[in-house]
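Residue numbers (this note's numbering), protein chains in the order written: chain A, 23 to 138; chain B, 317 to 425.
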Amino acid sequence: DTEVTQTPKHLVMGMTNKKSLKCEQHMGHRAMYWYKQKAKKPPELMFVYSYEKLSINESVPSRFSPECPNSSLLNLHLHALQPEDSALYLCASSQDRDSANTGELFFGEGSRLTVL
Amino acid sequence: EDQVTQSPEALRLQEGESSSLNCSYTVSGLRGLFWYRQDPGKGPEFLFTLYSAGEEKEKERLKATLTKKESFLHITAPKPEDSATYLCAVQAPDYKLSFGAGTTVTVRA
C-alpha cells in the first residue's frame, strides 16, 4: 500500500467556519507534511511532523492548526480563514525527516479548499 | 537562500518530438535533487532522486541527469500521456526541500 489518502477532496467554507482536513498513510512512514499550493505555483511547506511531533512550522498563521494523533494520521484544523487561503492543500509522507531519502515524498491527491 | 529555477515555463511538443527540461539551482551542500510529475488537480508523484554530478536515472521515456549547477529531464519520443507539470526540488543540508515553479509539458497526438 503506497497511498496517502486525503479527505475531503473538496471543501467550501465561510470565513467563520471551523473545518478539518484529514490525511492517512499506512506505509510506516515516520514523517508527515502539510503543503499549500496555489494555481501554477510550486508546493509551499507549512508543517512537518517527525515521529508524531511537530518539528517544523513555516511561520504559518494560527488559523491553521495541525495535529498528529498517531503515526498514520495527520489533521489540519481550519478556523477563521481568509479568501486568500483558498488553495490545494497537500499532505505528504516520507520514511523519515532527516535522511537522504527525505526528498522522496509520497503525496496525497490534495484537498481543494475554497474560502468564501 | 536556496534557489531553484526551471525552464521553460511551458513546452508544447508533437508526439514523438524529444526535448529537455532544465532545472538550475543554487544551494550550498546539495543533499539531493528530486524530480516530480504533477497532473492537474492532483498531488505530485515522485519520479527520480539524483545525488551527485554525473548521475543519471531512467524510467520509460524519461531520463534525468545532474551536473554541479543544473539537472535536465529528457523526454524521448513523448506520448500524450506524458503531458503534465514536471517539478524539480533540491534538498539542502538541513533536509529542507525547495521546489521550482515547474515546466508544464503538453504533448499533442
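Backbone N, C-alpha and C define an ideal beta-carbon position, used for all residues, glycine too.
CB contact check: residue i to chain B, cutoff 9 Å
| i | result |
| --- | --- |
| residue 64(A) | yes |
| residue 102(A) | no |
| residue 119(A) | yes |
| residue 114(A) | yes |
| residue 135(A) | no |
| residue 96(A) | no |
| residue 69(A) | no |
| residue 131(A) | yes |
Residue span of the beta strand (DSSP E) that contains residue i, given as start and end
| i | result |
| --- | --- |
| residue 35(A) | 32–35 |
| residue 417(B) | No beta strand (DSSP E) holds residue 417(B); DSSP gives it neither H nor E. |
| residue 365(B) | 361–366 |
| residue 400(B) | 400–407 |
| residue 333(B) | Here residue 333(B) belongs to no beta strand (DSSP E), and DSSP marks it neither H nor E. |
Cβ-based burial, residue i [other Cβ within 10 Å; buried from 16]
| i | result |
| --- | --- |
| residue 53(A) | buried |
| residue 367(B) | exposed |
| residue 73(A) | exposed |
| residue 105(A) | exposed |
| residue 380(B) | buried |
| residue 347(B) | buried |
| residue 394(B) | buried |
| residue 360(B) | buried |
| residue 76(A) | exposed |
Proximal residues to residue i (C-beta, below 8 Å), its chain only, five neighbours per side dropped
| i | result |
| --- | --- |
| residue 369(B) | 382, 383 and 384 |
| residue 375(B) | 363 and 364 |
| residue 124(A) | 53, 116, 117 and 118 |
Sequence-distant residues of its chain with Cβ nearer than 6 Å to residue i (five each side left out)
| i | result |
| --- | --- |
| residue 44(A) | 29 and 97 |
| residue 221(A) | Chain A is shown only over 23 to 138; residue 221(A) falls outside these bounds and no answer can be derived. |
| residue 63(A) | none |
| residue 371(B) | 382 |
| residue 319(B) | 342 |
| residue 373(B) | 364 and 380 |
CB contact below 9 Å: residue i versus chain A
| i | result |
| --- | --- |
| residue 388(B) | no |
| residue 298(B) | Past the boundaries of the shown model lies residue 298(B); chain B is included only from 317 to 425, so the question cannot be answered. |
| residue 383(B) | no |
| residue 347(B) | yes |
| residue 365(B) | yes |
| residue 370(B) | no |
Same chain only: Cβ atoms within 7 Å of residue i, ignoring 5 sequence neighbours per side
| i | result |
| --- | --- |
| residue 68(A) | 56, 57, 58, 80, 82 and 86 |
| residue 112(A) | 57, 59, 65, 129, 130 and 132 |
| residue 423(B) | 329, 331, 394, 395, 396, 398 and 399 |
| residue 387(B) | 339, 349, 366, 380, 381 and 404 |
Along the stretch 392–424 of chain B, what residues have a CB closer than 7 Å to any CB found in chain C?
Looking at the structure shown, chain C is missing, and the protein chains on hand are A and B.
Indicate whether the contact test is met: 3 or more Cβ pairs, each with one atom in the stretch 395–415 of chain B and one in the stretch 344–354 of chain B, closer than 8 Å.
Because the criterion of three Cβ pairs below 8 Å is met, the stretch 395–415 of chain B and the stretch 344–354 of chain B touch.
Decide yes or no for the touch test of the stretch 76–87 of chain A against the stretch 98–108 of chain A: beta carbon pairs closer than 8 Å, at least 3 of them.
Yes, the stretch 76–87 of chain A touches the stretch 98–108 of chain A.
Taking one C-beta from the stretch 126–138 of chain A and one from the stretch 25–42 of chain A each time, how about it: are there three or more such pairs within less than 8 Å?
Contact between the stretch 126–138 of chain A and the stretch 25–42 of chain A is present, with at least three C-beta pairs closer than 8 Å.
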